[in-house]
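Everything on this sheet refers to the single structure shown next.
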Amino acid sequence: MRLVLLVAMAGAVAAQTAPAPRKSAFDKAAFEAYIRHLLLYPKEVKVTVGDPRPSEVPNLLEVSTRAEAGQASEERTFLVSKDGSKIIRGEVFDINENPFKKDLDRLKTELNPSMGTPGAPVVIALFSDFQCQYCKQEGEALRRDLLKTFPTQVRVYFKDFPLTQIHPWAMPAAVAGRCVFRQKPAAFWDFHDWAFARQSELTEQNFDARFDEFARTKGLDTAVLKACREGGTARREVERSMAEGRALGVTSTPTLFINGRKIGGYLPFENLKQIVEFEANYQSTARNAGEACCTLQGPGLLNPPANPVIPKR
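Numbered according to this note's numbering, the sequence shown terminates at residue 315, and the numbering increases by one at each position without gaps.
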């Protein structure tokens, strides 16, 4: 009995005197203060610093941050030394993968309006706003010149990103476009061209009436469109597109992703042409982006093309 008591007491003492877990050298508060100064984040911006985790680079940790102000947000990733004293700002690339793989993996193209060739080597995802003047210029150039110049090499997907804080009828237009697409997918591009062509005439007050006129001229069922616009499904689809854009760092429109390569702001057609030509030539041997590389995942397309293929997501 005495031996048992001694063993029990020894165990209790050992438990009481066991060393406390070593505190990580990474100091979140100090890190946040440092990057606030580095990146000019004022106190009104909410900054969230993630826990350090192993990175793909030996002996370095990876720390993700998210800065939020209203509807705007920004995500960054830093490399940090194990003692927390050194910070590397920049991207880490794997030479064996497409340099834009992370964004390609996050871009969702299923159930989004598209034009161009299924299986094309170059895929453009365009985040746009129907009330944005530069989006009008970009959209008109894409519709007028892109497929004429590249009849088999490009597929374009339209992604809604209405800037609701400054454009009062951008959200109603985005929802209306989704409803047109749901009823008659091919008619979406008629709506696209109509909205941009009449951008200077449309207002928050007259949009509904003008949209109904458009729908009747295209033989669309206005009652079905009204129910769709007043229901929540189409708006949720727009909001998902906006959330996807924010996660990809989209803060303005237009923003294009050309095989994952992000280009913010209006891109003149001659510049776009050069990038598409470069990417099409590159993909002729690399085959690590575009639609030809992968197969459809997730829910089926509305009126899918024959043998549809889109990037694996």
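From the three backbone atoms N, C-alpha and C, an ideal C-beta is built for every residue, glycine too.
Secondary structure at residue i, three-state DSSP: helix, strand or coil?
i      : result
Ala71  : strand
Leu81  : strand
Val59  : coil
Glu206 : coil
Lys228 : helix
Thr287 : helix
Val47  : coil
Glu279 : helix
Glu34  : helix
Arg24  : Low local confidence applies: a pLDDT of 49 at Arg24 is under 50, so the model's placement there is unreliable, with the coordinate-based value given in what follows. Arg24 falls in the coil class under three-state DSSP.
Determine the direct distance from the alpha carbon of residue j to that of residue i, and round the result to whole angstroms.
i      : j      : result
Phe209 : Phe271 : 30 Å
Ala288 : Glu93  : 21 Å
Lys30  : Tyr36  : 10 Å
Thr79  : Tyr268 : 27 Å
Ser57  : Leu63  : 5 Å
Gln161 : Ala27  : Residue 161 is actually Lys in this sequence, not Gln. One C-alpha to the other measures close to 43 Å.
Gln167 : Ala74  : 10 Å
Ala282 : Ala249 : 27 Å
Pro174 : Ile89  : 44 Å
Gly227 : Arg238 : The sequence shown places Leu at residue 227, rather than the Gly named in the question. Each residue's Cα considered, the two are about 16 Å apart.
Arg242 : Val177 : 12 Å
Cys137 : Arg145 : 12 Å
Lys275 : Pro115 : 21 Å
Asp214 : Phe198 : 16 Å
Glu150 : Glu77  : Checking the sequence shown, residue 150 turns out to be Lys, not Glu. Between Lys150 and Glu77, the C-alpha separation is close to 37 Å.
Thr205 : Trp171 : 6 Å
Asp147 : Ile126 : 14 Å
Ile277 : Pro123 : 13 Å
Cys143 : Val82  : As written in the sequence, residue 143 is Ala, which differs from the Cys given in the question. Those two C-alpha atoms are separated by around 44 Å.
Glu108 : Ala229 : A small fix is needed here, since residue 108 is Arg in this sequence, not Glu. If I take the Cα positions, the gap works out to 31 Å.
Thr224 : Val49  : 45 Å
Between which two residues does the beta strand (DSSP E) containing residue i stretch?
i      : result
Arg91  : 89 to 91
Lys104 : Run containing Lys104: none in the beta strand (DSSP E); it sits in the alpha helix (DSSP H), 103 to 108.
Gly118 : 116 to 118
Just confirm the distance between the C-beta atoms of residue i and residue j, as a whole number of angstroms; I'd bet it's less than 8 Å.
i      : j      : result
Gly86  : Thr67  : Between Thr67 and Gly86 the Cβ distance is about 14 Å, and since that is not below 8 Å, they are no contact.
Gly262 : Phe102 : 3 Å
Val158 : Leu128 : 6 Å
Val156 : Thr119 : 7 Å
Asp131 : His169 : 6 Å
Lys264 : Leu222 : Lys264 to Leu222, Cβ: 34 Å. No contact.
Since residue i is in the alpha helix (DSSP H), which residue starts that stretch and which ends it?
i      : result
Lys220 : Note, Lys220: premise wrong, no alpha helix (DSSP H); not H, not E.
Ala186 : Note on residue identity: the sequence assigns Lys, not Ala, to residue 186. Looking at the DSSP string, Lys186 is not in any alpha helix (DSSP H), and its letter there is neither H nor E.
What are the start and end residues of each continuous alpha helix (DSSP H) run of 4 or more residues lying completely inside the stretch 235 to 277, in chain order?
If only complete runs of 4 or more residues are kept, the stretch 235 to 277 shows the alpha helix (DSSP H) at 235 to 249, in order along the chain.
Report the start-end ranges of each beta strand (DSSP E) in the stretch 120 to 179 that is 3 residues or longer and not cut off at the edges.
Listed in chain order, the complete beta strand (DSSP E) runs (minimum 3 residues) inside the stretch 120 to 179 are 124 to 130, 156 to 162.
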